[in-house]
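Residue 91 in this note's numbering sits at position 84 of the sequence shown, and the numbers go up by one each step. The C-beta atom is built at its ideal place from N, Cα and C for all residues, glycine as well.
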Amino acid sequence: MQSNRVPPTQGTSATFAWGNASEDFALFRTLSAEQRLIAFGAMTRQDLVRGQLLVEQGGPSDALFLVLHGALAVYRTDHPEPIAELRAGELVGEIGFFANIRARPM
């Protein structure tokens, strides 16, 4: 897993240009340019490989994730098949993050 801070003004990566986030996510559209720079400066990019776990059911909800590229499968611990798929442009963990609650088993 590779994780690194990337300011929005630096070039692009193979999978995502930070400059597009203000257009791709409604979350950023109401922010001023200065507020966007602050928000992006506080973010950490985390690239995952197929099959890698992002968050675990029942774990802490101390982070909010934006799916930038590709898709994430959502599994329940008691169910072998995915119950949902999150694609580019969607948020992950927003309810627990903003409510400050642990991710509960479904």
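For residue i, collect the residues of the same chain with a Cβ closer than 8 angstroms to its Cβ; drop the 5 residues on either side in sequence, then sort them by chain order.
i	result
I90	V81, Y82, R83, M113
N107	S68
Among the options, which has the Cα closest to the Cα of residue i?
i	options	result
A78	E92, E88, G66	E92
Q53	A70, I45, T37	A70
G96	H76, T51, D85	H76
Excluding the 5 residues flanking residue i on each side, which residues of the same chain have their C-beta closer than 6 angstroms to its C-beta?
i	result
A24	Because the pLDDT at A24 is just 48, under 50, the model does not fix this residue reliably, and the value given afterwards should be weighed accordingly. So no residue of the chain qualifies.
F104	S68, L71
T37	none
If residue i sits next to residue j, beta carbons under 8 angstroms apart, how far is it from one beta carbon to the other, in whole angstroms?
i	j	result
L73	L55	The pair is not a contact, with the Cβ atoms about 13 angstroms apart (cut-off 8 angstroms).
Please go through the same chain and pick out, in chain order, the residues whose beta-carbon is closer than 7 angstroms to the beta-carbon of residue i, but skip the five residues on each side of it.
i	result
R94	V74, A78
Taking DSSP's pairing of strands, which residues face residue i in a bridge?
i	result
A91	V81
F35	Beta-bridge pairing links F35 to no other residue.
L98	L73
For the pair the region 39-50 and the region 60-69, tell me if three or more CB-CB distances fall below 8 angstroms.
no
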